[in-house]
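Down below is the structure, laid out as C-alpha cells.
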Amino acid sequence: MPLPAHNSAPAAARYTNGSATTPTSPGADPGQAVHTLTAGHAISLSRSTPSAARPIVLVRKRSARNRKRSLRSSSAASSHRPSNLSCESSAPTSPDLSSPDSVDDVDPALLRDQSTGRSQSHASPPTAVLNGPDQSMTLAHTLDVHAFGSLGSAGSMIPVSVAISHAIVALGCQTGEILLFDPVTFQHKSTLVGHTRAVLSMSWASPADIDSATSTPRLISTSADGTSRMWAIERQEPRAETVIIASDPGSLYSAASDPATGAVFLGCQNTSLQWFFPSNRASSSSATSEAKSVLQAREFSYFFQSRKLHAFLTQDERKLGTTHVSVVSDAHVIPHAHIGYVYALAMHPSKPWLFTGAGDGLVKVWDVSGAAHLTPTVLRTIRIAAAGAGDSGSTATPSAADFGVVSLAVSPCGATLYVGCQGGTIAVWDLETGQCIRRLIEHTDDVVSLHVVRTDPSRTDAMGDRLVSTAMDGSVRVWALHDNYACLATVGGGRDATAIISASVDGDRIATVDELGHCHIWHAPVLSESIPAAAASMDVQSSISDLVQCASSAACDSSTSTHLSDFGLSGAEESAPHMVDAMLFALRGWLPYKTVSGDPQYASDCRAGAQYLRSILAQVGAEASLLPGAPGRNPLVLGRFHPASSAPAHDSPSPPAPEDASPPQPIHIVYYAHYDVVPASRDQWATDPFTLTGKNGILYGRGVSDDKGPILAAIFAVAELAAAGQLHATVTFLIEGEEESGSVGLQEAVDAHADQILGAHGGADVIVMSNSSWLGNQVPCLVYGQRGVVHATVTVKDVSGTQSDKHAGVEGGAVHAEPLPDLVHLLAQLTDPRAPRDRRVKVPGFYDGVPSELAEDEDRRYDELVARIMQEEQTDVQAHVVGCAEVAAGRAHKIKQSLVQKWQTPTLTMSRVTTSVGGGESKTVIPHKASATISLRTVPGQDTAQLVASLREYLEDTFAELQEAQGCGGNALEIDVTTAADWWESSPSDPSFDACARAIKNVWGIHPLFVREGGSTLPLHWLRRRLAGPSRTTEVPIVNVPLAQASDRAHLSNECIAVRNLIQGRKVLRESIRNLQEQLL
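All the letters of the sequence shown, read from the start, carry residue numbers 756 to 1836 under this note's numbering.
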C-alpha cells in the first residue's frame, strides 16, 4: 500500500496548496519552503484509498468546539511544517504494516472498561479537583519563567517540556534553552545553551549512560532543531554531548535509552527511528571537522525545508570546547519505522524491547539487542484504532484521529503496556497475551504523557503501582493499577482548563508544563507508600510523624552529601527530603487558620490554630499542651523536647571527672515565638493570603515569614536532632497568640505557669527566637538588641455642655474651646522642628541616659558592619538602608548615621488622629472629642517607667497652661498608656552568639552581620528576667536568628518567604541548637 508522500523521507513529490506537483529537480533550491504552518493549524493526511478507508493521522485536527491543541503541531511550526493539508499522491512503498502477520487485530469488546461506576462518555468534562476537600493532589509550587527577567529577553523563554528528579527540575524552552532549577528551593541554578529551536522532550539517561567515575546524572534532550543532546549535570558547569542526526529528521519528538547497552533511540518527525551510542571522550578538532563534512554532504533534503544545521556548521570549533560531536551513521537509521510522526518511545524494563508509537495509530515492538551491529527487527505491530473501534459509549465508530499514539509507558514488571492516544484514550495492553484488556477514557484530549510509579520497590508484581496520566484537557490523573484501574486522584480539567503539553514524575511529585509556559509541581501522596494515606486528607495526626520518621535516619548524616551541592543540595536532608516535605506540609495545613489576634471573630480560628500547632509538636516527639491566656484571649502553646540519655560527643576526649562530681546538667533553651498574625485583606493580595502559594521559589501567605514559617523551621530542626539521638539539651517552645496585639495577658500567664514552663531546670540558659528579618536580601544577620516602645492615646474632650458634636454653622463661635484645636496645640508642643533630629522631643528628661556618642566597642562594631555592607551588598542592603544616591556616592558615614538613627536613637511619632465625628466626610461638624495615638521608641540607657511618667506630667502641665490661657475649663485631658515595653540588648560577645554565628557560617558559607533593630518585641524585656530563674543573677541572653529577608513584606500584603530561606533557616537553627548545647554545657 502506498504511503503518503509527505511521510516518506526520500519523497519526490512537492506539495503546494494540498495537491501534488512535479518533483523538484536536483538543481532546485533545497532551502525553499514547501509549506509554512502557523501555530493555529494541525496536519491530517489521508490515504489514496476510498473514503471508507481509515485516515492516517499525523497530528489530529483541532475543532473549534473544544479548542484542541497540540504541542507537536506548534513546537516546530516555524521551520518546516505544511499547513492544513490532505494529500493523495504516489510515493515509494514500504513494508505493508496492515497484514495479519504483523498486526495484532483484537476484538473491540476486549477494550471495554470493566470497572463499575466509570463513565464511558466524553460528553461531560472531568470535574476539576484543585486543592479539594480530599487533598489527594495539591499544587506545591509554580515556576513562571516570565518572572525571571535575568534569564532572557522578555517573553522569549517559554517552557514546552519538563523533566524532574530528586536533584534537578529542568525546563526545556521554545527558544532552545534548558533552565535548571533546584527541586526543593526552586531557585534558578543554571541555563543549558545549545539547541536552536524548541526542546520537545527531556528524559534522564539509563544507568548504563551515566558516567561511572562520578555518577554524574545525564539529561537527554531532543529538539525541533533536529539534534539531540546529552547533558552531564556536573559540579561546576554542565557539559553537553551533541548528537547531530542524519538524514534531516525534522523535529525529534522523543528519546529512550537502553539500560543494557546505553543506546539512545530517537523518534523523528520524518517517521524514522534513529539511534546512537553516547561517548564520554572529548572531541578533537579533526572529529568535529569530520562531522561537519558529513553534514555538509547530507545537506540536501527533499523531505522538509532543509535546515542546513547552520548553527553548528558555522560554529568555530574552538567554541565547542570538550563537547563531543557525533553523527548518526546510515546503519543506525530505519527510514520508515512508521507512517506517521514518531511521538513516543519506551524501553522494556528487563528485555531488549523498544516500543515506538506514532501518529499512524500503531505501536511497534522492536528487538534492539543487536542495535550496535544489526538493524532492530519488528517483533509485533499493534494497531490501536482497530482495537478501540466501537467502544466509546456511542454508536459512532471512533476515528483514527482519536488513536494516534502520543505517549507510552511500560509497567515496572514488564507485563503491561500503556498507550496514550490523541483522542484522550489510554489503551492497556497485556504484553504476554497481546490483547488490549482495558480502555480508560476519562481524558477528553491528547494524553501527552504516561508514567508508571512503583510505590513499593520490594514487590515484583503490580500491587501498589500507580499510573500517572496528563492530557491536553488540562487534567492530571492517578490510577490504581491493582484496583480495577480506579482513578485515585484528579486535578485540573474542565472547559476552561489550560492544556498540559508535557509532564514528568519523580516520587510523589508531578511536574507539568501547560501551553502558557507555566510549570506546576503537584504533590500526590498517593504515589508514595512511605507517606500514609492520611496525608492525602490532611490528617495531621498521623502524617507528620511518619514523614519525620522517614527522615530521621539521614537527618544528621553528612556522609550522604553529593556533588549536587552546587545545586543547593548539600546535606542528607536533601537526599531524603521527607523532613522538608513534612515542614512544608505542616505549613500548608496551618496557614488556612486565620489566627488574627485582637478580633473576636477570629477567636475560634486562633484556638484551632493553637491546637494544630500542639498536634504538630506532639507528632514530632515533643511534650505539648495548651496554657490558658488572659480571659477572652488566645491560649499559649507549650512544647518541650527532652535530651537524649547519652552525653554529647566531643571532638577530643574529656578529662576524667572526679568520683564525687555530679554529671553535667543539660542546658535549657527556650524558643519564643507567636502564632498570631495581623489581618489580611484579600483584595490587596495577588493570592489568597490564607492559602500557601508557591511561585518561583517563593512562598506567599499571611504568617509565612512572621511567624508561622520560622516556628515550624525551629520545631523540625529540633525534631531532627531528637530523632537522630543528637539532642542533648532541653528545648522548650513557648508560643504565644497575642504578640501582634501587644502580648496581652502573656506576663500573667507565664507567672501563673512558671513551674510548668521552666520545668525541672527552674530557669533558662538562653532564649532563641526568629521574629525578625535580615538587613537586606543577601547576608544573614543576628540581632542582639531592639528598642523599647511606649504606645499612648491622648484624648481631649468637651466636658462643659451636652458632650455631643455641634453644627459648625449653628454653634460655631459660641464654642469657647474646641477639643480638636486643643489637641493639635498639645501635639505641637511635643517636638521642636528646629532642633537637631536626635534632640527634637521636648519632653523633659527624654534624652536622659542616652549617650552622646557610641561606646568604643559599639562604634567599632558599626564600622565593621558598614564595611561589610559596602563590600558584600553594594546593590542590596545599602539601597535598603539609605537609598541609591548614597550608595552611588559611597558615603560610609551616611550609612552609619542612618543605622544609628534607626537603632539607637529615641523617637516620638504621632501616627493617628481621630474625632467623634461620624460619617467620614462631614465638613460642618465640631467634634466634642479628639484623640491622637503617639508612640515612643526607647533605647539603652533610658528608663522607660520614668519616661512614661515624664510624658504624662508634661502633657498634663502643657494642657493646664492652655486651659488657663483660654480662660475656660470646658475641655478635659485623658492619657491612656496602652503599652510600655522596655528595650533589650545582649552582648554579641556572649558564647550563645558565637554558637549561632558558627551555625550560619556553616550553612550559608558566610559570617553573619551583627545588627540591632529599631522595632520592638514587647515581652522580651521582662521575659529574659522572668525565665532566668531564682538561681541566676543575670538576665537570660537573647539571640534573634532571623530567617526572612528584608523584602519579605511582613505585616504587608503579599507577605512571603523564599523556600530556600525556610530550609536553610531550619538547618541554621538545627546547627545553632547543636552548638549551644555543646558550648554552654
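In this text, a Cβ means the ideal position worked out from N, Cα and C, and glycines have one as well.
Keep in mind the model is a prediction, meaning the values are calculated, not measured.
6 Å CB neighbourhood of residue i in its chain, flanking five on each side removed
i, result
"Gln1439", "Ser1808"
"Ala960", "Arg973, Ile975 and Ser1012"
"Leu1205", "Ser1162, Ala1164, Tyr1173, Gly1175 and Ser1224"
"Arg1218", "Residue identity check: residue 1218 is Met in the sequence provided, not Arg. Here the set comprises His1237."
"Leu1243", "Val1233, Ala1235 and Val1281"
"Asp1618", "none"
"Leu935", "Ile923, Ala925, Lys944 and Ser945"
"Asp1185", "Ile1192"
"Ser931", "Sequence check: residue 931 is Gly here, not Ser. Cβ neighbours of Gly931 beyond the five flanking positions: His950, Thr951 and Arg952."
Test item: CB-CB of residue i and residue j under 8 Å
i, j, result
"His1423", "Ala1519", "yes"
"Val939", "Ala1018", "no"
"Thr1210", "Tyr1096", "no"
"Val1523", "Tyr1426", "yes"
"His1183", "Leu1195", "For the sequence presented, residue 1183 should be read as Val rather than His. Yes. Within cutoff."
"Ala922", "Met957", "no"
"Asp1431", "Gly1492", "yes"
"Ala1258", "Ala1252", "no"
"Leu1537", "Val1796", "yes"
"Thr1733", "His1429", "no"
C-alpha distance - residue i paired with residue j, whole-angstrom precision
i, j, result
"Glu1187", "Ala1170", "7 Å"
"Val998", "Val1207", "29 Å"
"Ala1099", "Ala1341", "39 Å"
"Ala1640", "Lys1649", "Annotation note: pLDDT 47 at Ala1640 (below 50); position unreliable, coordinate value reported separately. Distance between the alpha carbons of Ala1640 and Lys1649: 11 Å."
"Gln1060", "Gly1005", "Because Gln1060 carries a pLDDT of 44, less than 50, the predicted location of this residue cannot be relied on, and the following value inherits that uncertainty. For Gln1060 and Gly1005, the distance between alpha carbons rounds to 9 Å."
"Trp1234", "Ser983", "32 Å"
"Gly1724", "Thr1713", "14 Å"
"Leu1513", "Leu1782", "7 Å"
"Arg1138", "Gln1800", "58 Å"
"Leu1624", "Ile1761", "Correcting the residue type first, residue 1624 is Ile in the shown sequence and not Leu. Each residue's Cα considered, the two are about 13 Å apart."
"Cys1168", "Ser920", "22 Å"
"Leu898", "Ser1283", "23 Å"
"Leu1831", "Arg1780", "20 Å"
"Gly949", "Gly1247", "34 Å"
"Ala1720", "Leu1582", "17 Å"
"Asp1263", "Thr1485", "35 Å"
"Pro1661", "Val1655", "10 Å"
"Val1551", "Glu1495", "28 Å"
Alpha helix (DSSP H) segment containing residue i, residue limits
i, result
"Phe1488", "Per DSSP, Phe1488 belongs to no alpha helix (DSSP H); it is in the beta strand (DSSP E), Thr1485 to Glu1491."
"Cys1361", "Ala1358 to Gln1374"
"Thr977", "Premise fails: Thr977 lies in the beta strand (DSSP E), Arg973 to Ser978, not in any alpha helix (DSSP H)."
Proximal residues to residue i (C-beta, below 8 Å), its chain only, five neighbours per side dropped
i, result
"Arg1369", "Ala1379, Ser1380, Leu1381, Val1392 and Gly1394"
"Asp856", "Caution is warranted here: a pLDDT of 35 is assigned to Asp856, below 50, making its placement in the model unreliable, and no coordinate value can be reported."
"Leu1717", "Asp1577, His1580 and Leu1581"
Residues bridged to residue i (per DSSP)
i, result
"Asp1122", "Trp1108 and Thr1132"
"His943", "Phe936"
"Ser1555", "According to DSSP, Ser1555 bridges with nothing at all."
"Tyr1539", "None, per the DSSP bridge assignment."
"Tyr1455", "Thr1448 and Cys1811"
Residue range of the unbroken beta strand (DSSP E) whose run includes residue i
i, result
"His1275", "His1273 to His1278"
"Arg1209", "Val1202 to Arg1209"
"Leu1530", "Counting along the chain, Leu1530 falls outside any beta strand (DSSP E), and DSSP gives it neither H nor E."
"Cys928", "Val924 to Cys928"
"Asp1731", "Asn1726 to Ala1736"
"Thr1225", "Asp1220 to Ala1226"
"His1423", "His1423 to His1429"
Residues near residue i by beta carbon distance below 7 Å, same chain, minus five either side
i, result
"Ala1736", "Gly1543, Val1544, Ser1771, Leu1773 and His1776"
"Gly1696", "Gly1604, Val1605 and Pro1606"
"Ala1515", "none"
"Arg1821", "Met1338, Ala1468, Phe1471 and Ala1472"
"Asp1731", "Ala1547 and Thr1548"
Short CB-CB distance (under 8 Å) between residue i and chain C
i, result
"Thr1350", "No chain C is part of this structure, which consists of one protein chain only."
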